[in-house]
Amino acid sequence: MAGSLNKVMLIGHVGQDPEINKLNNGGIVANFSLATSESWKDKNTGEKKERTEWHRIVVFSEGLCGVIEQYVRKGQKLYIEGELQTRKWEKDGIERYSTEIVLTGFDAKLLMLDRASGGGDRDPNGNADRPGNKTGGGYAEKSGGTARQQSGQGGGQQQRQQSRQLDDEIPF
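All residue numbers for the sequence shown refer to the working numbering, where the first residue is 20 and numbers rise by one.
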């Protein structure tokens with residue numbers, strides 16, 4: 020049918036660490052949930068109200084699955100673009116349905132909106148290593164920690180000078 024569009028755009032937080040599975044055809048799939056919330060003030064009581072919706076995300080793009088497996092973790096804020104699809108199956112004689120946001124092909128997008136950590140390695144406190152601290156590919160993080168960690172702790176001028184020097188370099 021010409022003139023139709025199936026596109027979903029969400030910004031939310033990952034509900035649990037993604038599950039990565041191999042398919043029978045040799046492909047790879049990533050599954051995770053994404054929470055979107057809205058809040059408002061009740062006109063009658065003045066009480067703050069909040070509603071959270073949970074969305075099932077299914078990713079068939081091999082490249083995105085690799086990124087998800089390495090960097091995406093529970094609690095991380097993501098922007099995703101995909102298509103809405105409903106699956107139907109039968110279990111114990113009852114028809115069941117699941118509506119999912121599917122990311123596949125070139126139209127799929129996934130952006131990490133916070134500096135939340137990724138990678139499978141965690142320190143003794145349960146904090147994951149930051150992607151910029153790993154050797155190899157990706158973009159290196161600015162030396163000296165994050166600007167939030169440095170502010171109000173003395174070496175702010177030195178941090179700004181280092182940041183300016185690093186910002187001028189092309190990352191590839």
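We put the CB at the ideal spot given by N, CA and C, even for glycine.
Going by C-alpha distance, which of the options is nearest residue i?
i: S117; options: T64, Y90, W108 and T123; result: W108
i: I76; options: L24, R134, S23 and I39; result: I39
i: E57; options: V86, V48, D133 and K67; result: K67
i: W59; options: T71, S52 and L53; result: T71
i: G124; options: Q89, S80 and G94; result: S80
i: Q104; options: K110, E119 and L132; result: E119
Does the beta-carbon of residue i have 16 or more other beta-carbons within 10 angstroms, so that it is buried, or is it exposed?
i: G82; result: exposed
i: L42; result: exposed
i: G31; result: buried
i: N144; result: At N144 the pLDDT is 41, less than 50, meaning the model places this residue with poor confidence and gives no usable figure here.
Considering only residues of the same chain and omitting the five flanking positions on each side of residue i, which have a CB-CB separation below 6 Å?
i: A49; result: P37, I39, V78, C84 and I87
i: L130; result: Y98
i: F51; result: V33, P37 and I76
i: W73; result: S52 and A54
What distance in whole Å lies between the Cβ atoms of residue j and residue i, which are believed to be in contact at a cut-off of 8 Å?
i: E100; j: V121; result: Contact flag wrong, Cβ pair sits at about 11 Å.
i: L53; j: L29; result: 6 Å
i: K93; j: L132; result: Between L132 and K93 the Cβ distance is about 15 Å, and since that is not below 8 Å, they are no contact.
Output needed for residue i: all residues of its chain with C-beta closer than 7 Å, excluding positions within five of it in sequence on either side, in chain order.
i: K26; result: E100 and E102
Closer than 8 Å by C-beta to residue i: which residues in its own chain qualify, once you throw out the five before and the five after it? Chain order, please.
i: Q35; result: F51, S52 and K93
request  = Note down, one range per segment and in chain order, each beta strand (DSSP E) of at least 3 residues found wholly within the stretch 75-147.
outcome  = 96-110, 113-122 and 128-131, all fully within the stretch 75-147.
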